[in-house]
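Numbering (our numbering), first residue to last: 319 to 765. Here is the structure we will look at, set down as structure tokens.
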Ligand SMILES: [Zn+2]
């Protein structure tokens, strides 16, 4: 059977991930992501109103015109987890394919919300929820399976396409976490079993941290780090504010729990805080206290801040958006003095996040931090662990899967090359069984 891989997006950048795998007559598309930085660089771009081709020209969404070179029918669109660089283009591209969107329940819920917010296209693809460990028939000889993995968002999976030529493992966005704060540990046994029983024809891998030595720590390490910081502030009687990735439900859960442990009432503020945490709670992924406040709209946020100021900042922990210094996020507005919450000399601001190493983010985050400091805030930074494998995790995955072919993904050329180096040290060869690709190419694996 002919098996080929179209590297559509995310092979020259971080963002707009998209890869299609064809096995015989059947095609599965993995991820349809957005490159948010290409949108934010323009002032006031409302993507909801924009046409796909304009977004493709901006480099914001995958250029899927290469799909016209791929024979066969698309049988499923499979986003691996709910980060925007994996699901953000679904509302702009999925309607062009007569295929269901298949993903884990939390991801499907986020996709549904995104489709509802779309105003240019009518996206009515079926939405199918499938849990890790489950399989789905794709055509006569091909099967799709979800393997449980761990990442910085809940309900993330690595999809595997089982073909008569062997398994194609789409390995983007994971770390090897045996003690995640929410959900099950990564299912390494299943990866080993697939390799042993069937053989892995190809492994498509995320190269984000391929240059980082050692091992990416577990979420439990970030949790303990956070606990240490919060406990040290138990006797502080002024304002403490925390920020993290809104989609990082495990981290939000830790912040909520430690706030209560030091006698403060946690409250989630900002539109995306309300969206992600509200969705996770509704689907039963997390059990927040019954009276946990989540507010997204400007008016209810301001009302909450006024209540906090009236009843005493020392009684609360606002958990807010703005960890990257995004200009319109809550923490940035607080720094500019645009909210009723007064930051005073000695107040603490906890960044449970790392700045995404990108000039725009670094600049915005610097500005936001300076604004907070000018009001006297003390900053706690980098209370975080990455969601991506470092070198030792990559070695362990190669060991477990023993893939015949490797396709490095999810980075620019410089960082893809670092993963190529790592694979070559394990006996693979660039141009032979390592396939370094660019956006819009097709790799023929078997004939
Ligand atoms: Zn991710």
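Virtual Cβ for every residue (Gly too), placed ideally from N, Cα, C.
With a threshold of 8 Å on Cβ separation, who are the neighbours of residue 606 within its own chain once the five nearest residues in sequence on each side are excluded?
571, 574, 595, 599
Please determine, among 331, 702, 490, the residue with the shortest C-alpha to C-alpha distance to residue 535.
702
Check each candidate in 418, 713, 629 and name the one with the smallest Cα separation from residue 738.
713
Let me check one thing: in DSSP terms, what residues is residue 485 bridge-paired to?
480, 518
Which same chain residues end up closer than 7 Å to residue 363 when comparing Cβ atoms and leaving out the 5 residues on each side of it in sequence?
357
Mind checking which residues open and close the beta strand (DSSP E) that includes residue 666?
666-669
Leaving out five residues on either side along the sequence, give the residues of the same chain with a beta carbon under 6 Å from the beta carbon of residue 744.
716
Are the segment 418-431 and the segment 466-481 touching by the rule of at least three beta carbon pairs closer than 8 Å?
yes
For residue 609, verify whether its CB is less than 7 Å away from any heavy atom of ligand 1.
no
Among 617, 721, 704, which residue has its Cα nearest to the Cα of residue 516?
721
Is it the case that the CB of residue 471 approaches a heavy atom of ligand 1 more closely than 7 Å?
yes
Should residue 404 be listed as close to ligand 1, given that the test is whether its C-beta is under 7 Å from any heavy atom?
yes
Is residue 705 near ligand 1, with its Cβ less than 7 Å from a heavy atom?
yes
Once the 5 residues before and after residue 315 are set aside, which same chain residues still bring their CB inside 7 Å of it?
Given that the chain is displayed from residue 319 to residue 765, the structure contains no residue 315 and the question cannot be resolved.
Go through its chain and collect everything with a Cβ distance to residue 650's Cβ below 7 Å, but skip five positions before and after it.
640, 643, 644, 686
If you draw a straight line from the C-alpha of residue 524 to the C-alpha of residue 590, how long is it?
26 Å
Which whole runs of the alpha helix (DSSP H) in the segment 669-700 are 4 residues long or more, in chain order?
677-692
Beta-carbon proximity check, residue 382 vs residue 326, cutoff 8 Å:
yes
Under three-state DSSP, which class holds residue 531?
coil
Endpoints, the alpha helix (DSSP H) within which residue 423 is located:
423-434
Would a C-beta distance cut-off of 8 Å place residue 349 and residue 336 closer than the cut-off?
yes
Suppose you measure from the CA of residue 583 to the CA of residue 464; what does that come to, to the nearest Å?
38 Å
Specify whether the segment 485-505 and the segment 396-404 touch according to this definition: at least 3 beta carbon pairs, one from each stretch, less than 8 Å apart.
yes
Residue of 456, 608, 462, 321 minimising C-alpha distance to residue 389
321
When you compare only the Cα positions, how much space is there between residue 695 and residue 667?
7 Å
Can you look up residue 757 in the DSSP assignment and give me helix, strand or coil?
coil
Taking residue 393 as the reference, give the member of 373, 441, 338, 368 with the closest Cα.
338
By the three-class DSSP mapping on this structure, what secondary structure does residue 723 have?
strand
Mapping DSSP to helix, strand and coil, what is residue 585?
strand
Cβ of residue 351 within 8 Å of Cβ of residue 404?
yes
Just the Cα atoms here: how many angstroms apart are residue 461 and residue 342?
12 Å
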